[in-house]
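Chains as they are written, first to last, in the numbering used here: chain A, 230 to 377; chain B, 230 to 377. Take a look at the structure set out below.
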DNA sequence: TATATATGGTCCGATATCGCACAAAATGGA
DNA sequence: TCCATTTTGTGCGATATCGGACCATATATA
């Protein structure tokens, strides 16, 4: 029988897993053909933390194998949404930079999601949602640092 | 520029996506070889809502294509964790039942996660985590009904 | 400096995910 | 009842994910 704290984690992670699947479906419904959630996630990450990250930086940030990141980036490059530049500080690695097309696509997808979110906001208490955001942010940061 | 409500949804879904990836890594580190998160998720779902669901029931519950569910269930059957029974009410479909081995495995994995969660609980304010759980549950239910 | 070890990225093969098409069975309407 | 439509599950091919191996480069150590 799990104790109280572990039960809370278990239940929270379980709910988060289901919500992630549902929200991913919402997102992918607005992505152009050939792009899936991981592609958008990378574009978004590069906006949030800034251009010029290396593939390994992002593989670690998303806790995915570096081979998966290679593959995702290859898709983004082939669509002209990001570009590689050599890393002046480290000959082994590359930097990933957004193209104008990449920035524009991210903005367009977010704009397209607007009506979806508007519709959802009409049926849910947004005060409660806004209230949990800081906790989720802290939890995300905590889990991110707690893995070693 | 997205309005306030859509921004909240966007940020919450973004945090949830990252937390899901991190928590999935925690889970899969405790699963025996050959099993990945979707396998465990199915076992867990069958405990939560009860045995005897059909593959389509679960594909809908997880918002996953039915072909993906077929594949996941095939893996669980091959490991002896669930079994199919014919559906007396509908000749097209099957029912999925947990085996003793399946129930035991789920319990063992949860037990193995205990220490991980204990360690995490030591560094995070569990009051705040417990407080967001009902909101996540309501959000999950809301999103689940809002898709049509 | 010379060498061993660690790290970044890619290739390759195995498994997972998913859209499409199909067959079997159920449902609904004439 | 008959037939069209819907629904459930699976086979198949294309893409995604991931572990292991590998090379190039950086870092640590003697």
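In this text, a Cβ means the ideal position worked out from N, Cα and C, and glycines have one as well.
Taking 8 angstroms as the upper bound for CB-CB distance, residue 281 (chain B) and residue 326 (chain B) are in contact here, some 6 angstroms apart. By the Cβ neighbour-count rule, residue 263 (chain A) is exposed, with fewer than 16 other Cβ atoms within 10 Å of its own. Residue 262 (chain A) is outside the set of residues whose beta carbon lies under 9 angstroms from a beta carbon in chain B. Taking 9 angstroms as the cut-off between beta carbons, the residues of the stretch 262-295 of chain A near chain B are 266, 270, 273, 277, 290, 291, 292, 293, in sequence order. The shortest C-alpha to C-alpha distance from residue 312 (chain A) to any of A:319, A:320, A:284 is the one to A:284.
Residue 233 (chain A) sits in a helix when the DSSP states are folded into three classes. Residue nearest to residue 295 (chain A) within the set A:322, A:318, A:334 is A:322 (criterion: CA-CA distance). In the DSSP secondary-structure assignment, residue 313 (chain A) is bridged to A:325.
Our two residues, residue 355 (chain B) and residue 240 (chain A), have alpha carbons roughly 13 angstroms apart in a direct line. For residue 352 (chain B), the closest Cβ of chain A is nearer than 9 angstroms. Shortest Cα-Cα distance from residue 234 (chain B) to any of A:249, A:357, A:373, A:246 involves A:357. For the pair residue 271 (chain A) and residue 341 (chain B), the Cα-to-Cα distance works out to about 32 angstroms. When A:307, A:309, A:308, A:324 are compared, the shortest CA-CA separation from residue 315 (chain A) is found for A:324. At a beta-carbon threshold of 9 angstroms, the residues of chain B lying near residue 250 (chain A) are 249, 291, 292, 293, ordered along the chain.
Residue 337 (chain A) and residue 254 (chain A) have their C-alpha atoms some 17 angstroms from each other. In the three-state scheme derived from DSSP, where H, G and I count as helix and E and B as strand, residue 259 (chain A) is classed as coil.
The beta strand (DSSP E) runs of length 3 or more contained entirely in the stretch 262-320 of chain A are, from start to end of the chain, 311-315.
The beta carbon of residue 333 (chain A) does not come within 9 angstroms of any beta carbon belonging to chain B, so the residue lies off that interface.
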